[in-house]
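**Q** Under this note's numbering, think of the first position of the sequence shown as 12, with each following residue one higher.
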Amino acid sequence: MSLRAIPDMLVDLANEFTTLVQTESELARTEVSENLAKLAAGLGLLVGGAVLLIPALVILLQAAVAALQTQGLAEYWSALIVGGATLVVGIILSLIGIGQIKPRSLVPHRTVRQLQRDVSVAKQQVRTDDGDIQRAA
12 MSLRAIPDML VDLANEFTTL VQTESELART EVSENLAKLA AGLGLLVGGA VLLIPALVIL
72 LQAAVAALQT QGLAEYWSAL IVGGATLVVG IILSLIGIGQ IKPRSLVPHR TVRQLQRDVS
132 VAKQQVRTDD GDIQRAA
């Protein structure tokens, strides 16, 4: 078994650490960029859908008011019933949407897991290297 000099081991450790930090930071940047791209695409589709859905909803609500009027309800009661039901559904959807939009969706989860693995491997490596040095001494 050949023993390496401590300065050589420290230089190797510094080089490996630098490479590890560079690789992990690149992975984090890539993952965050992917998440932001998905978020931007999703927001674009949401805005496009809303532009089309709002006028369609207004027309459908007017039709619902008219349908209730044909059943003998006064115009104001028909509008109140349809408006109230629409308000309740809108509040529910808004609350669900707010719950879905969280900053944690932008966190680079893969990078965090990889860093945790790297720390674990580094700890194992240090323990193994300590055992080799003690046996060699």
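Even for Gly, the Cβ is constructed at its ideal location relative to N, Cα and C. All values reported here derive from a predicted model rather than from experimental measurement.
1. Can you have a look at V93 and say buried or exposed, based on whether 16 or more other CB atoms are within 10 angstroms of its CB?
2. Buried or exposed for S150, please, with buried defined as at least 16 other CB atoms from any protein chain shown within 10 angstroms of its CB.
3. Classify S89: buried if its beta carbon has 16 or more other beta carbons within 10 angstroms, exposed otherwise.
4. How far does the alpha helix (DSSP H) with G94 in it reach, from first residue to last?
5. Compute the Euclidean distance between the alpha carbons of E86 and A61, then round it to the nearest angstrom.
6. Could you check whether the segment 119 to 137 touches the segment 25 to 43, counting it as contact only if at least three pairs of C-beta atoms, one from each stretch, sit closer than 8 Å?
7. Which word fits V76, buried or exposed, when buried means at least 16 other C-beta atoms lie within 10 angstroms of its C-beta?
8. Looking at the secondary structure, which residues open and close the alpha helix (DSSP H) in which A48 lies?
9. Compare the C-alpha of L31 against each of Q135, Q125, I65 and name the closest.
**A** According to the data block:
1. Taking the first residue of the sequence shown as position 1, residue 93 is located at position 82. Answer is buried; the Cβ neighbour count reaches 16.
2. What the structure shows of the chain is the stretch from 12 to 148, and residue 150 is not part of that stretch, so it cannot be assessed.
3. Looking up residue 89 in the sequence shown gives position 78. Counting Cβ neighbours within 10 Å, S89 comes out buried, since at least 16 surround it.
4. Working through the sequence shown from its first residue, we reach residue 94 at position 83. G94 -> alpha helix (DSSP H) spans 86 to 111.
5. Here residue 86 refers to the residue found at position 75 of the sequence shown. Here residue 61 refers to the residue found at position 50 of the sequence shown. The straight-line gap from Cα to Cα measures roughly 28 Å.
6. yes
7. Numbered from 1 along the sequence shown, position 65 holds the residue referred to as residue 76. V76 comes out buried.
8. Here residue 48 refers to the residue found at position 37 of the sequence shown. Segment 17 to 81, the alpha helix (DSSP H) holding A48.
9. Within the sequence shown, numbered from 1, the residue matching residue 31 stands at position 20. Of Q135, Q125, I65, the residue nearest in Cα terms is Q125.
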